[in-house]
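Q: Sharing a structure, written as structure tokens. Questions coming.
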């Protein structure tokens, strides 16, 4: 077998494939590096404007000072004495109903050849507070301080104009900071203890900007949120999917709804400890993300993963061509054709940063087919053969394009391509005498009798 030309041909082609793995690996690293540059743009926008926003509120914080009476004794020989201690904490009053309406516009910012998105929301909040839900009253042991209305969020840099803030028709004074002993950012509005004795209707309208996610915690006993946006690729995530949603090329519209029966927020929001920059992210929320569809780096990386399949199919076509004709190709010619296929992906990556993935794929396919067509015409001494291989290469590129753009059917399409390729090879080579090609099998002399060939006698 070691003297068989067919065996050494297969070993040589396998070596060519191994050599081509080196530039493919380097190309994968380059794709990751360029993708990291793109991600740096997103980080820059977040640092320069505002990050993801999670809105917690509105809710009313009530300072409580409670006198706790206990019987204590200094030692076992003394009678217990009454000891009175005071402890202070905040009790939250959550809205009976919470309605959030928003209109979102997405702005694309370019930094060099890369771009990122910043969203701008116009938000209207309507909330109602029922005093029957307030489970704490002033008495001889409990005193209530001046309450204040809290609207907390993740990054206060995104707060724009506060257009309307009215409670029962009266305009409230808005102060910076949440007024809570936590690192959560936002605004607060001072109230009076008289507000705790009546039903309250709050109306707020303001603008909010950020990058990435926009979330609203459904604090109300019954909470709803409606959001309209002009971004065609929203990512609905978080703890609650929208009950209704419509997504089109011009934007999206989504509606969420939840209650305390589903989120149990009335028991979670008993104390101020739950409101901190870290713990607020654990609260369930309505969420939408300005998702970026598969960009040129993700698509090119996925295309490179199919590169070996493309090269193997091309080599297989050459090998069958050699087997069916008397023309032989040198291993160096195989290697050069393989390198041209690797160059296809580099051209694709470079062009896609400027023209988009679709146009870059078409241009790279045409350039690769033209280069290989001219080269193979000189190698095979036939324009017909060179043109045939160029057309076949374009067909393979079209198949790869279908694989990349059909994630749900990628396995089916890939299996179909391999089945068709194997079937074509088997049909075209069904009459080939492989022993004659290898030239390594000795024919049995005709003078040898059947008796001599018997293994046992």
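In this note's numbering, the protein residues as written are 80 to 536. Where is the CB? At the ideal position from N, CA and C, for every residue including glycine. Predicted, not measured: the structure shown is a model, and the values here were computed from it.
Pull up the distance between the alpha-carbon of residue 397 and that of residue 445, whole angstroms please.
A: A straight-line Cα-Cα distance of about 20 Å links residue 397 and residue 445.
Q: In the structure shown, what three-state DSSP assignment does residue 503 receive?
A: helix
Q: Per the contact definition of three or more C-beta pairs closer than 8 Å, is the segment 314-328 in contact with the segment 389-396?
A: By the C-beta criterion, the segment 389-396 is judged not to be in contact with the segment 314-328, since fewer than 3 inter-stretch pairs fall below 8 Å.
Q: Note the first and the last residue of the continuous alpha helix (DSSP H) segment covering residue 422.
A: 410-434
Q: Where does the unbroken beta strand (DSSP E) through residue 200 begin, and where does it stop?
A: 193-208
Q: Can residue 225 and residue 271 be called in contact, C-beta distance under 8 Å?
A: yes
Q: Could you tell me which of 243, 182, 335, 329 sits nearest to residue 297, measuring between CA atoms?
A: Residue 297 has its Cα closest to that of 335, out of 243, 182, 335, 329.
Q: Do residue 213 and residue 299 count as a contact pair if the criterion is CB distance below 8 Å?
A: no
Q: For the beta strand (DSSP E) holding residue 239, just list the boundary residues, first then last.
A: 238-246
Q: What's the call for residue 475, buried or exposed, on a 16-neighbour Cβ count within 10 Å?
A: buried
Q: Please list, in chain order, all residues of the same chain as residue 250 whose beta carbon is under 7 Å from its beta carbon, the five residues on each side excluded.
A: 244
Q: Can you grab the Cα-Cα spacing for the pair residue 291 / residue 204, in whole Å?
A: The straight-line gap separating the alpha-carbon atoms of residue 291 and residue 204 is approximately 21 Å.
Q: Under the three-state reduction of DSSP, which class applies to residue 145: helix, strand or coil?
A: strand
Q: Grab me the residues of residue 438's own chain with a C-beta within less than 6 Å of its C-beta, minus the 5 sequence neighbours each way, in chain order.
A: none
Q: Can you give me the C-alpha to C-alpha distance between residue 275 and residue 146, rounded to a whole angstrom?
A: Straight-line spacing of the CA atoms in residue 275 and residue 146 works out to 21 Å.
Q: Any idea what DSSP makes of residue 368, helix, strand or coil?
A: Residue 368 falls in the strand class under three-state DSSP.
Q: Taking the alpha carbon of residue 74 as the reference point, which residue from 285, 130, 117, 332 has its own alpha carbon closest?
A: Since the first residue shown for the chain is 80 and the last is 536, residue 74 is missing from the structure and cannot be characterised.
Q: Need the endpoints of the alpha helix (DSSP H) that residue 479 sits in, please.
A: 462-483
Q: Using the beta-carbon count (16 or more within 10 Å), is residue 132 buried or exposed?
A: buried
Q: Quick test of your reading: residue 279 and residue 247, contact by CB under 8 Å. State the CB separation rounded to the nearest angstrom.
A: Sure, about 6 Å apart at Cβ, within 8 Å.
Q: Does the Cβ of residue 416 have 16 or more other Cβ atoms within 10 Å, making it buried, or fewer, making it exposed?
A: buried
Q: How far does the beta strand (DSSP E) with residue 294 in it reach, from first residue to last?
A: 292-295
Q: Since residue 140 sits in a beta bridge, which residues does DSSP pair it with?
A: BP columns for residue 140 point to 171, 227.
Q: Let me know the secondary structure DSSP gives residue 347 once reduced to three states.
A: helix
Q: According to DSSP, residue 265 sits in a beta bridge with which residue or residues?
A: 231
Q: Using C-beta distances below 7 Å, list every residue in its chain close to residue 496, excluding the 5 sequence neighbours before and after it, in chain order.
A: 478
Q: Which first and last residues belong to the beta strand (DSSP E) in which residue 381 is found?
A: No beta strand (DSSP E) contains residue 381, which is instead part of the alpha helix (DSSP H) from 375-384.
Q: Who are the Cβ neighbours of residue 322 in its own chain at under 8 Å, not counting the five residues just before and after it?
A: Closer than 8 Å at the Cβ level, and outside the excluded window around residue 322, lie 334, 335, 336.
Q: In the DSSP assignment, find the alpha helix (DSSP H) that holds residue 335 and state where it starts and stops.
A: Looking at the DSSP string, residue 335 is not in any alpha helix (DSSP H); the run it does join, the beta strand (DSSP E), is 330-338.
Q: Throw me the rounded Cβ distance for the residue 385 and residue 114 pair, which I believe falls under 8 Å.
A: About 18 Å separates the two Cβ atoms, so there is no contact after all.
Q: Note down, in chain order, each residue of its chain lying with its Cβ closer than 6 Å to the Cβ of residue 468, except the 5 sequence neighbours on either side.
A: 455
Q: Going by alpha carbons, who is nearest to residue 170 out of 309, 162, 140?
A: Among 309, 162, 140, the Cα nearest to that of residue 170 is on 140.
Q: Please report how far the alpha carbon of residue 420 lies from the alpha carbon of residue 118, in whole angstroms.
A: Rounded to whole angstroms, residue 420 to residue 118 spans 28 Å at the Cα level.
Q: Just list the residues that DSSP pairs residue 509 with in beta bridges.
A: BP columns for residue 509 are empty, so no partner.
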